[in-house]
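Visitor:
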Amino acid sequence: MNLPRQLCTFYLDGLYWGIEVTRVQEVIRYQEMTRVPLAPPHVRGLINLRGQIVTAIEMRTRLGLSPRQENNLPMNVVVRSDDGGISLLVDEIGDVVEVSDATFEPAPATVQVSSRELLRGVYKLDKKLLLQLDADRLLEPSRGVGS
Amino acid sequence: MSIDDEVVKEFLVESHENLDQLDRDFVALEADPGARDRIAAIFRTIHTIKGTSGFLGLPRLQTLTHAGESLLTLLRDGTLSLTPEITSALLAMVDVVRRILANVEATGGEGAEEIDDVVAQLSRLQKRPTSKPDAATGSAAAPTALPVGPPNPGPRSAPAGAATGSGPQPSSTQAAPGEVPGFASAAPPGAAPSLSIPAAVSDPPSHLFVEPLIAPQIPAQSTRQQHDPPAGSSVAESSIRVDVGLLDRLMNLVGELVLARNQVLQFSAASKDPAVLGTSQRLDLITTELQEGVMKTRMQPIGNVWNKFPRLVRDLAVACNKKVSLQMEGAGTELDRTIIDAIKDPLTHLVRNSVDHGIERPSDRVAHGKPEGGTIIMRAFHEGGKVNIELSDDGQGIDRKQILARAVKRGMISSDRAARMSEREALNIIFLPGFSTAEKVSNVSGRGVGMDVVKTNIERIGGTVDVSTKPGHGTSIKIKIPLTLAIIPALIVTTGGERYAIPQVNLLELVRLEGDHARAGVESIQGAPVYRLRGNLLPLVYLNQVLGYASDHGASDIVNIIVLQADDRQFGLVVDGVNDTEEIVVKPLGKELKAISAFAGATIMGDGRVALILDVLGVAQRSGVISETRERTLRETLTQDDVRNAGREALLLFQVSEGGRVALPLSKVARLEEFPRAMLERAGKRDVVQYRGEILPLVVLREMLCDDDTVPDASAPLQVVVYSERGRSIGLVVDRILDIVEDDVSVKAAGSREGILGAAVIQGKVTDMLDVHAVIRRFDPQWLPQDTAA
């Protein structure tokens, strides 16, 4: 199948990432959030999105990348889920990109373990590589959550 | 035949509603056997189900309802009169219909529900069978109607032409089956897209009632409706079904609108422009009305729950050989749908109890000068922002002495305590788990589970239960519940710069210590802070410590103590600041955060920011308030039971490898089990066995303690020590159980390796003391609750 697939793209620590556009509810600017003590480290806080409470996930931490500098405010990519949705905190938003399955390849084995878990695969674009997040894995609660 | 899912779904919803109505009609009919309109209503319902089931290809359902319909025909014509036997048979039919429908819903097929007995019974009851009904089984076709229309006395000719030329079909029109032979052929399919569905015509013209397909256009329709108001079916035309999820979303949006409105009002207050002021005032009014309107859409009359009680009471009364009538007042009292769901089971239980225990047998009642039949009255009304539900019976009441005697016999309280108990305290014993006054366990009740569940369920939704009784005259149970679950009153506090909401239900009082009191008031027992609250020691928990903001609590000039109730324990939660009480809207947390026991949910504050709602029970557990006290009570009991052995402890001795003796305090052992090796299964990387309906993970101590993974004997069964903590179990696989001894547990040497506390001399031999927590931590760090593991 060579159906074109649309990915909503964003940047994280210099890497170019994408997530299926159908999974994305909206993209919003940085929001004030409420800290959640005792939560896993990648949970940055809770955002009020028009009455919907959305859990904000620091994608740099989740993917094991280097921490973002304090003064760089992240953007929110809000992903739909059956219990209200989560927001992915990313460095910068890219375009919606159409990709073809022909250019797809699974992640090489050398990619860091923490990233590979959420990495569905790589699209080889002309100039750069587009890493696709695995939305299903992302929406599962991460392991290692304290009771 | 491919069945359109939508049609099936519609049919199921429709039928479930109709069946509920049927139950009520039957019970009402029994009270007033002459009520023709009731029989007609029942008849129509059954007929509709029959017709639709024929269309949808559900032959068993069709056969069953056909049998019922034939019997009903005789009843309606007055050929037969209603007897309890007939009612029971018809109700049995309704039950089977329900089960078949449930099968259809679950599997899409009818399932193998046994219908022959019921059908035979129904046929047998038609003692004077007329020639027609059986012969006509499935012979011709009639249109299937979705909802049944109003009753229609007397034959009415169906203008087939009118139906054919009906043109656009109003979506709300409900048509009854037209039963004119030849009708189906006269009406071409498609004339009325949703309705002209062929099904069986089984009735002779004498039972015929026809609803014109486009009711509003036929003059006769409107006059008839005036003369013959249909029982409870006219509402359907003015209402539509809405997905509850949609209502919840609307509710959310309205909540947001309210916040935005508040902000607009703030800005406009600063403005002098009359246009801005006027508009913001209008916005204010409209928003308020909209909010009320949307709230109302989620409200349902409590009658929706009560509906099934007449049938329940009747069936129970028949089963217990009693005569009971049920009166209901205030069935229109409205409640949020979440509450409606939550009170269904508790109410059912209370009604059962009343019939089974409350109301006496007819002979006993007469002997006490009461009418033969008992009465149960259910009342519902709004009062002080809460919904009151009262359930009272005129039965024998609750005998306080009997309760106390039973509680003492069961060892729930001591006889000393019983003698000192007030009447109210004694009555409240019925809410303790495991208590039942029933002499023997009946089908209906008396298993000793129930009242405690009723109480827990009602309290879970923030309600209260109160019993009052007059021996010989009856019992009355009063339930008070909030109107809605979604909005609860809560105390807002601040700690670590963030706001937290504490549900008011758990709140007892607030204590504020200032200056010297703050420094001297908080005392410490071996590092555990306590406060003397009116002479009693109140354990203190620092919220910033529980939430991990700070590792210790510095001395402060002001101490805010919030006295909270968790289970049956009180504790004081120390917070940085107390803000205010507020009505908050509870919203669930996402998957990532559900596992944090300290939080019950989140809410959006007036300024639009999110605040977390504390789970008081979770906080208490996390900080050790609950488990600690429980363990202490347990220890006290143990010591009392076995005073002679004070200072000694029972130990389980077992062998984990050749010559390796290990001991574990017996108090930590839930059970000893033997599993054949064939039962061993693997889940992930772990060995597990199925044990009492659960999966028991196994830890092989030989591997863990001795780094020795040779299997000693592949054919020998596994010896497993089952260890349980807080409802979870883990199996420790050992080589051999040696003995149970009582000995001093003073450890003589420090532990040499992980999982071993140390060594002691037991029965003259050096024995390792097992550190269960360390073993489990090594096996799975997540298994133990964090505060225990730490």
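Listed in order, the protein sequences are those of chains D and U. Under my numbering, the first residue of the first sequence carries the number -6, and numbering increases by one thereafter. Under my numbering, the first residue of the second sequence carries the number 1015, and numbering increases by one thereafter. Cβ atoms here follow ideal geometry from the backbone N, Cα and C, with glycine treated the same way.
1) Could you work out which residues of chain D lie near N1266 of chain U, taking near to mean beta carbons separated by less than 8 Å?
2) Roughly how many angstroms lie between the CA atoms of T1508 of chain U and H1363 of chain U, to the nearest whole one?
3) Under 9 Å between C-beta atoms, does R28 of chain D make it to chain U?
4) Could you name the residues of the same chain whose beta carbon sits closer than 6 Å to that of G1591 of chain U, not counting the 5 residues immediately before and after it, in chain order?
5) Under 9 Å, Cβ to Cβ, is there at least one residue of chain D near R1623 of chain U?
6) Closest Cβ-Cβ distance between G57 of chain D and chain U: below 9 Å?
7) D1782 of chain U: which of U:E1523, U:R1767 and U:P1795 sits nearest, CA to CA?
8) Determine the DSSP secondary structure at P1098 of chain U, reduced to helix, strand or coil.
9) Taking beta-carbon pairs under 9 Å, can you tell me which members of the segment 119 to 130 of chain D lie near chain U?
10) Between the beta-carbon of A1103 of chain U and the beta-carbon of L1070 of chain U, is there less than 9 Å?
11) If you measure beta-carbon to beta-carbon, which residues of the segment 1605 to 1631 of chain U are closer than 7 Å to chain D?
12) Once you ignore the five residues that flank G1601 of chain U on each side, which residues in its own chain have a CB closer than 7 Å to its CB?
13) Please confirm whether E1270 of chain U has its beta-carbon closer than 9 Å to some beta-carbon of chain D.
14) Specify, as a first and last residue, the run of the beta strand (DSSP E) that E1528 of chain U falls within.
15) Run the CB neighbour count on L1209 of chain U, radius 10 Å, all protein chains shown included, and call it buried at 16 or more, exposed below.
16) Taking all protein chains shown into account, do 16 or more other C-beta atoms lie within 10 angstroms of the C-beta of D1287 of chain U, making it buried, or fewer, making it exposed?
17) Look at the alpha carbon of I12 of chain D and the alpha carbon of G1259 of chain U, and state the distance between them as a whole number of angstroms.
18) Spatial neighbours of L1036 of chain U within its chain, please: C-beta separation below 7 Å, excluding the five flanking residues on both sides.
19) Expressed to the nearest angstrom, what Euclidean distance is found between the alpha-carbon atoms of R1675 of chain U and V1735 of chain U?
20) Where DSSP assigns a beta bridge to H1396 of chain U, which residues make up the other side?
21) Who are the near neighbours of L1304 of chain U in its chain, counting only those whose CB is closer than 8 Å to its CB and skipping five residues on each side?
22) Mind listing the chain U neighbours of P33 of chain D? Cutoff is C-beta to C-beta under 8 Å, in chain order.
23) Looking at the C-beta of G77 of chain D, does it have a partner C-beta in chain U at a distance below 9 Å?
24) What does DSSP give as the partner residue(s) for Y1563 of chain U in the beta ladder?
25) To the nearest whole angstrom, what separates the beta carbons of V104 of chain D and L1607 of chain U, a pair I think is in contact under 8 Å?
26) Flag K1336 of chain U as yes if its beta-carbon sits less than 9 Å from any beta-carbon of chain D, otherwise no.
27) Please list, in chain order, all residues of the same chain as L1405 of chain U whose beta carbon is under 6 Å from its beta carbon, the five residues on each side excluded.
28) Name, please, each residue of chain C whose Cβ falls closer than 7 Å to the Cβ of E1512 of chain U.
29) If you check the beta carbons only, do M1265 of chain U and R1325 of chain U fall under 9 Å apart?
30) How would you call H1371 of chain U, buried or exposed, if buried means at least 16 neighbouring beta carbons within 10 angstroms?
31) Strictly under 9 Å for the Cβ-Cβ distance: is P1602 of chain U near chain D by that measure?
32) Considering just the uninterrupted stretch of the beta strand (DSSP E) at A1571 of chain U, what are its terminal residues?
33) Are the Cβ atoms of V1519 of chain U and I1493 of chain U separated by less than 9 Å?
34) For A1504 of chain U, which residues in the same chain have their Cβ closer than 8 Å to its Cβ, ignoring the five residues on either side in sequence?
35) Against Y1563 of chain U, what residues of chain D qualify as contacts under a CB-to-CB distance less than 8 Å, listed in chain order?
36) List, in order along the chain, the chain U residues whose C-beta lies closer than 8 Å to that of I40 of chain D?
Guide: The structure says:
1) Against the second sequence, residue 1266 of chain U aligns to sequence position 252. Those are R43, G44 and Q45, listed as they occur along chain D.
2) Working through the second sequence from its first residue, we reach residue 1508 of chain U at position 494. Working through the second sequence from its first residue, we reach residue 1363 of chain U at position 349. About 42 Å.
3) Taking the first residue of the first sequence as position 1, residue 28 of chain D is located at position 35. Output row for R28 of chain D: interface = yes.
4) Position 577 of the second sequence, counting from 1, holds the residue named residue 1591 of chain U. Closer than 6 Å at Cβ, skipping near neighbours: T1508.
5) One-based indexing of the second sequence puts residue 1623 of chain U at position 609. Output row for R1623 of chain U: interface = yes.
6) Numbered from 1 along the first sequence, position 64 holds the residue referred to as residue 57 of chain D. So no, G57 of chain D is outside the interface.
7) By 1-based counting over the second sequence, the position of residue 1782 of chain U is 768. Closest by alpha carbon: U:R1767.
8) Residue mapping note: residue 1098 of chain U aligns to position 84 of the second sequence, counting from 1. Helix, per DSSP.
9) none
10) By one-based count along the second sequence, residue 1103 of chain U stands at place 89. By one-based count along the second sequence, residue 1070 of chain U stands at place 56. Against a cut-off of 9 Å, the Cβ pair of L1070 of chain U and A1103 of chain U comes out as no contact.
11) K1605, E1606, L1607, A1609, I1610, S1611, A1612, A1616, I1618, G1622, R1623, V1624, A1625 and L1626
12) Taking the first residue of the second sequence as position 1, residue 1601 of chain U is located at position 587. One point to set straight first is that residue 1601 of chain U is Lys, not Gly, in the sequence displayed. Within the same chain, K1601 of chain U has close Cβ partners G1615, A1616 and T1617.
13) Taking the second sequence and counting its residues from 1, one reaches residue 1270 of chain U at position 256. It does; some Cβ of chain D falls within 9 Å.
14) Here the question's residue 1528 of chain U lines up with position 514 in the second sequence. L1521 to E1528 is the extent of the beta strand (DSSP E) around E1528 of chain U.
15) On the second sequence, residue 1209 of chain U is found 195 positions in, with the first residue counted as 1. Bear in mind that the predicted position of L1209 of chain U carries a pLDDT of just 39, short of 50, making it unreliable; the figure below should be weighed with that in mind. By the neighbour-count rule (16 or more Cβ atoms within 10 Å), L1209 of chain U is buried.
16) Here residue 1287 of chain U is taken as the residue at index 273 of the second sequence, counted from 1. Exposed: under 16 other Cβ atoms inside 10 Å.
17) In the first sequence, counting from the first residue as 1, residue 12 of chain D sits at position 19. In the second sequence, counting from the first residue as 1, residue 1259 of chain U sits at position 245. Rounded to the nearest angstrom, the two C-alpha atoms are 27 Å apart.
18) Your numbering for residue 1036 of chain U matches position 22 in the second sequence. Excluding residues within five positions, the ones whose Cβ falls inside 7 Å are I1056, T1059 and V1108.
19) Numbered from its first residue, the second sequence carries residue 1675 of chain U at position 661. Numbered from its first residue, the second sequence carries residue 1735 of chain U at position 721. One C-alpha to the other measures close to 15 Å.
20) Here the question's residue 1396 of chain U lines up with position 382 in the second sequence. H1396 of chain U pairs with U:V1401.
21) Working through the second sequence from its first residue, we reach residue 1304 of chain U at position 290. Excluding sequence neighbours, L1304 of chain U sits near V1268 and L1271.
22) Position 40 of the first sequence, counted from the first residue, corresponds to residue 33 of chain D. Chain U residues near P33 of chain D: E1606.
23) For the purposes of this step, residue 77 of chain D is taken as residue 84 along the first sequence, with counting starting at 1. G77 of chain D counts as touching chain U.
24) Looking up residue 1563 of chain U in the second sequence gives position 549. In DSSP, Y1563 of chain U forms no bridge with anything.
25) As a position in the first sequence, residue 104 of chain D is number 111, starting the count at 1. As a position in the second sequence, residue 1607 of chain U is number 593, starting the count at 1. Not really, about 28 Å apart at Cβ, beyond 8 Å.
26) For the purposes of this step, residue 1336 of chain U is identified with residue 322 of the second sequence, where counting begins at 1. K1336 of chain U does not count as touching chain D.
27) Within the second sequence, numbered from 1, the residue matching residue 1405 of chain U stands at position 391. Cβ within range, chain order: L1364, M1392 and I1491.
28) The displayed structure is made up of protein chains D and U, and chain C is not among them.
29) Within the second sequence, the letter at position 251 stands for residue 1265 of chain U. Within the second sequence, the letter at position 311 stands for residue 1325 of chain U. Their beta carbons are not under 9 Å apart, which means M1265 of chain U does not touch R1325 of chain U by this criterion.
30) For the purposes of this step, residue 1371 of chain U is taken as residue 357 along the second sequence, with counting starting at 1. It counts as buried.
31) In the second sequence, the residue the question calls residue 1602 of chain U occupies position 588. Yes, because at least one Cβ of chain D sits closer than 9 Å to the Cβ of P1602 of chain U.
32) Here residue 1571 of chain U refers to the residue found at position 557 when the second sequence is read from its first residue. Per the sequence shown, residue 1571 of chain U should be read as Asp rather than Ala. From DSSP, D1571 of chain U is part of no beta strand (DSSP E); its letter is neither H nor E.
33) Your numbering for residue 1519 of chain U matches position 505 in the second sequence. Your numbering for residue 1493 of chain U matches position 479 in the second sequence. Their beta carbons are not under 9 Å apart, which means V1519 of chain U does not touch I1493 of chain U by this criterion.
34) Translated into the one-based positions of the second sequence, residue 1504 of chain U becomes position 490. Excluding positions up to five away in sequence, the list reads A1515, I1516, P1517, Q1518, T1595, E1596, E1597, I1598, T1617 and I1627.
35) Counting from 1 along the second sequence, the entry for residue 1563 of chain U is found at position 549. Those within 8 Å of Y1563 of chain U in chain D are P30.
36) As a first step, residue 40 of chain D is located in the first sequence; it is residue number 47 there, counting from the start. Result: V1624.
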